[in-house]
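The structure appears right after this line, and notes come after that.
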Amino acid sequence: MSITTVGLDADDTLWHNETVFRLTQARFLDLLTDHDNAEIEARLAEIERRNLRLYGYGVKGFTLSMIETAMEICEGEPPPGVVREILAAGREMLAHPVETLPGVDEALARLSERYRLVLITKGDLMDQERKLAASGLGDLFAAVEIVSEKDRSTYERVFRRHGTGPAEAVMAGNSMKSDVLPALEAGAFAVHIPYVVTWAHEMADPPQAGPRYGVLDSMSDLPDWLADRA
1 MSITTVGLDA DDTLWHNETV FRLTQARFLD LLTDHDNAEI EARLAEIERR
51 NLRLYGYGVK GFTLSMIETA MEICEGEPPP GVVREILAAG REMLAHPVET
101 LPGVDEALAR LSERYRLVLI TKGDLMDQER KLAASGLGDL FAAVEIVSEK
151 DRSTYERVFR RHGTGPAEAV MAGNSMKSDV LPALEAGAFA VHIPYVVTWA
201 HEMADPPQAG PRYGVLDSMS DLPDWLADRA
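Residue numbers (the working numbering): 1 to 230.
Here it is as structure tokens:
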């Protein structure tokens with residue numbers, strides 16, 4: 001049985017993303033200098049987790065969570081201008097230039113010659129569409145799926161819709177929780193390509209070693225990894 005379809009994550013797999021969130025969070029902490037940074041970070045993480053089911057993933061939900069955190073930390077009365085600065089930071093994130101990771105352009109060009117490429121990503125619809133367009137990679141994909149969550153049923157559905165089923169598909173991404181574990185549960189191959197930093201909500205223990213699971217240092221290694229399984 002050969003691999004016909006390659007699913008690819010977007011943020012922190014094809015282009016930088018989490019580093020932008022980290023810089024914005026540092027900026028947010030600077031706005032609340034009268035409060036302990038550790039307390040703010042813990043409160044923000046808690047509020048983000050609570051809000052995921054309401055706002056989903058992405059910049060807009062993160063911005064709303066920062067505002068909510070500031071309101072809670074400051075007991076409903078944040079310093080003048082704080083909410084305005086948070087909104088400005090959110091707008092800047094939505095307009096931030098897209099920088100693809102090293103080797104991504106060449107690797108995807110090679111992969112597109114042999115496999116059906118499907119972008120499978122979470123996040124805000126308009127922002128993800130903007131980043132894909134700005135990346136210059138859009139024409140390499142046979143399909144794009146921007147989903148609210150990545151779980152077993154997501155991969156079963158997507159790989160049946162855009163391929164020959166999970167058994168003949170591979171999912172590659174930086175998130176163990178979203179890209180690797182549920183893809184394996186669906187019966188697909190899965191490749192973990194770690195990013196330099198990982199969002200706390202995307203961390204999970206790795207699966208046991210097996211023939212359908214791989215770990216690579218870079219997207220550049222993916223074409224050869226797949227060729228070894230042809």
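Cβ atoms here follow ideal geometry from the backbone N, Cα and C, with glycine treated the same way. It should be emphasised that the depicted structure is a prediction, and the values quoted were computed from it without experimental measurement.
Q | Segment limits, alpha helix (DSSP H) that includes Thr45 | A | Just to set this straight, residue 45 is Ala in the shown sequence, not Thr. Where Ala45 is concerned, the enclosing alpha helix (DSSP H) starts and stops at Asn37 to Tyr55.
Can you tell me where the beta strand (DSSP E) holding Ala143 begins and where it ends? It spans Ala143 to Val147 - the beta strand (DSSP E) in which Ala143 sits, taken as one unbroken run.
**Item:** Closest Cα partner of Leu44 within the set Thr33, Ala70 and Leu14
**Value:** The residue from Thr33, Ala70 and Leu14 with its alpha-carbon nearest to that of Leu44 is Ala70.
Leaving aside the five residues before and after Glu149 along the sequence, list all residues of the same chain whose C-beta is less than 6 Å from its C-beta, in chain order. Hits under 6 Å: none found.
Taking the alpha-carbon of Asp151 as reference, which of Met171, Leu137 and Leu140 has the nearest alpha-carbon?
Here the closest residue by C-alpha is Met171.
Q. Using the beta-carbon count (16 or more within 10 Å), is Asn17 buried or exposed?
A. The C-beta of Asn17 has 16 or more other C-beta atoms within 10 Å across all chains shown, which makes the residue buried.
Query raised in the report: Three-state secondary structure (DSSP) at Gly138?
Result: Reduced to three states, the DSSP call for Gly138 is helix.
**Item:** Helix, strand or coil at Val118 [DSSP, three-state]
**Value:** DSSP places Val118 in the strand class (E or B) of the three-state scheme.
| said: Is the beta carbon of Lys177 closer than 8 Å to that of Ala209? | reply: Contact: no.
**Request:** Compare the beta carbon distance of Glu168 and Ser2 with 8 Å and say whether it is the shorter of the two.
**Result:** For Glu168 and Ser2, yes; Cβs fall inside 8 Å.
### Message
Out of Val98, Leu31 and Ser135, which one is the CA nearest neighbour of Cys74?
### Response
Ranking Val98, Leu31 and Ser135 by Cα distance to Cys74 puts Leu31 first.
**Q.** Continuous beta strand (DSSP E) assignments of at least 3 residues falling wholly in the stretch 171-209
**A.** For the beta strand (DSSP E) assignment, the uninterrupted runs of no fewer than 3 residues enclosed by the stretch 171-209 are, from N- to C-terminal side, 189-192.
Leu132 beta carbon less than 8 Å from that of Met117:
Going by the sequence as given, residue 117 is Leu instead of Met. A distance of 8 Å or more separates the beta carbons of Leu117 and Leu132.
- Which of the three DSSP states, helix, strand or coil, is assigned to Ala230? Coil at Ala230, not helix or strand.
Discussion item. Taking the alpha carbon of Leu23 as the reference point, which residue from Trp225, Val215, Leu216 and Val197 has its own alpha carbon closest?
Written reply: Checking every option, the nearest Cα to that of Leu23 belongs to Val197.
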